[in-house]
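To convert, note that position 130 of the sequence shown is 383 in the numbering used here; the numbers rise steadily by one, no gaps.
In this text, a Cβ means the ideal position worked out from N, Cα and C, and glycines have one as well.
Being a predicted model, the structure only gives us computed values, none of them experimental.
Working notes, beginning with the structure itself.
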Amino acid sequence: HPQHGTVEGVLGLHVDDGICGGTPYFNSVLDKLEQKYPFGTKKMKQFTFTGIEMQQLPDHRIHMSQSKYIRAINPIQIHAERKKSPNAEVTESERQDLRALIGSLQYASVHTRPDLSSRLSNLQSQINKSTVETLIQANQTLHEAKKHHDTTIKIQSIPIADFRFLAFSDASFASKTNPNSHTGM
254 HPQHGTVEGV LGLHVDDGIC GGTPYFNSVL DKLEQKYPFG TKKMKQFTFT
304 GIEMQQLPDH RIHMSQSKYI RAINPIQIHA ERKKSPNAEV TESERQDLRA
354 LIGSLQYASV HTRPDLSSRL SNLQSQINKS TVETLIQANQ TLHEAKKHHD
404 TTIKIQSIPI ADFRFLAFSD ASFASKTNPN SHTGM
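Written out as structure tokens, the structure is:
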């Protein structure tokens with residue numbers, strides 16, 4: 254706020270999507286922003302944002318889930334004959350399917366499903382030397398994710414005086430099956 258120097262709201266952006274919240278003063282600033290850059294849609298209290306189902310409760314707590322997103326992920330199709338050779342190397346097409354499945358689950362893991370992180374880390378370290386067994390493990394991870402599709406992250410309201418800005422990186426410093434480091438921002 255220009256007179257008080259207080260934080261009045263927060264605005265988050267992801268590619269061409271935005272999410273925000275704040276005081277009436279902050280809302281008036283948003284109205285000015287929208288006059289210059291019209292918003293496509295505005296949703297409040299309960300909506301889906303980049304595949305994340307968001308719900309804000311009256312006490313300002315936020316519940317986040319990716320139930321619909323998780324349930325829509327398809328498993329890797331593995332022919333019965335291939336399953337008989339779990340140590341066989343994957344084809345390039347299967348490797349692409351593995352990357353796609355891992356990427357989809359990683360998106361959920363980062364936002365609402367930290368319970369998948371360890372298994373995904375192991376799968377990611379196996380991509381370049383993956384076997385049919387890796388594909389089977391990836392499908393099992395998806396099955397587990399779907400079994401608990403209704404997992405919810407609950408964010409408690411933070412008093413503004415206690416609010417801090419943070420940054421993170423999804424870099425990995427080695428994994429159980431691959432001692433090399435991976436990098437990401």
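Could you have a look at residue 418 and say whether DSSP puts it in helix, strand or coil? As a working note, residue 418 is residue 165 in the sequence shown. Residue state, collapsed to three classes: coil.
With distances taken Cα to Cα, identify the nearest neighbour of residue 349 among 302, 364, 385 and 334. The residue you call residue 349 lines up with position 96 of the sequence shown. Considering only alpha carbons, the answer is 385.
Taking just the CA atoms, how far does residue 361 sit from residue 269? Translated into the one-based positions of the sequence shown, residue 269 becomes position 16. Translated into the one-based positions of the sequence shown, residue 361 becomes position 108. Cα to Cα, the separation comes out at about 19 Å.
For residue 331, name the three-state secondary structure that DSSP assigns. As a working mapping, residue 331 is identified with position 78 in the sequence shown. Coil, per DSSP.
With a threshold of 7 Å (Cβ to nearest heavy atom), would residue 408 be considered close to the ligand MN? This structure simply doesn't include the ligand MN, nor any ligand for that matter.
Does residue 371 get closer than 8 Å to chain C when you measure Cβ to Cβ? Note that chain C does not occur in the displayed structure, where there is just one protein chain.
If you run the structure through DSSP and keep just helix, strand and coil, what is residue 312? Residue 312 sits at position 59 when you count from the first residue of the sequence shown. Residue 312 falls in the coil class under three-state DSSP.
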